[in-house]
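Going by the numbering used here, the first residue of the sequence shown is number 20, and it counts up by one from there.
A virtual CB, placed ideally from N, CA and C, is assigned to each residue, including glycine.
A quick write-up on the structure given underneath.
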Amino acid sequence: MNTYWDIRQLADYLNVKPATLYAWAAQGKIPSLKLHGLLRFRQNEIDQWLESCRVVSRPAVAVPKKPRHRPLCNVDALIERAKRAAYTERGETTIASPFRKEQ
């Protein structure tokens, strides 16, 4: 014997709002039928529909992090590297200044 559910019964069973069920039925996402203008749902069809929606979960796989291009350095080493790139051994800059020397 088929058991028929109305909107309220199915909403309680699925723990969704009745408006959601109306939308799903209009979109054809859930098996339903109209009897005398009222939506009804067969319990066995709903159970089959729920089984078809089941997703088999897979165990989470750890994704390795991408290696950094350079290892983290301390601040003092970074400053020394920048000084070597910007100044000569005599303390002069390698790029000519846009400003003139003071007289």
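How about residue i and residue j: do their beta carbons lie closer than 8 Å?
i      : j      : result
Arg59  : Leu69  : no
Ala104 : Thr112 : no
Asn63  : Asn34  : no
Ala44  : Lys36  : no
Tyr23  : Arg61  : yes
Ile26  : Pro50  : no
What are the start and end residues of the beta strand (DSSP E) that includes residue i?
i     : result
Lys53 : 52 to 54
In the DSSP output, what is residue i paired with across the bridge?
i     : result
Trp43 : Looking at the DSSP assignment, Trp43 forms no beta bridge with any residue, so it has no partner.
State the start and end residues of the unbroken alpha helix (DSSP H) segment that holds residue i.
i     : result
Ile26 : 26 to 33
Can you give, in chain order, each stretch of the alpha helix (DSSP H) that sits fully within the region 60 to 108 and has at least 4 residues? 62 to 71, 94 to 105
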